[in-house]
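These notes concern the structure reproduced below.
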Amino acid sequence: MLGNCRLCEQNTNIKQSHIIPEWGYKNLYDSKHRLLNISMRENIVYPCFKQNGAKEYLLCNECEQHFSKLENYSKKYIHSYTIIVQKILLVKIIMIIVG
Ligand SMILES: [Zn+2]
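Just so we're aligned, residue 299 is where the sequence shown starts under the numbering used here, counting upward by one.
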């Protein structure tokens, strides 16, 4: 898809990127690899399931590769925490991204 990369701002092919790295969802999936998600439609909140973490057209290939290196680096540290601390960290990251 042609668009502006959110990092380098070049108008080029942009890829669907995970908003949170896929490994960040690891402990949130149930035994059927389903992720409980909360959706809102017409001011009604309802639960639903997703098979993968949220993605959005964000980055060009070069920036995606750059982020991938940083994500792999941070993965080592986050996975060393307990599951509850991982979930708290992910919620905080989501709150920062959502604003
Ligand atoms: Zn870029």
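Positions of the beta carbon are idealized from the N, C-alpha and C atoms, including for glycine.
- For residue 342, the number of other beta carbons within 10 angstroms of its own is below 16, and it is reported as exposed.
- With respect to residue 333, residue 348 sits close: the two C-beta atoms are nearer than 7 Å.
- Counting along the chain, residue 315 sits inside the beta strand (DSSP E) bounded by residues 309–316.
- Counting along the chain, residue 338 sits inside the beta strand (DSSP E) bounded by residues 333–339.
- Residue 346 carries a strand assignment under DSSP once its states are collapsed to helix, strand and coil.
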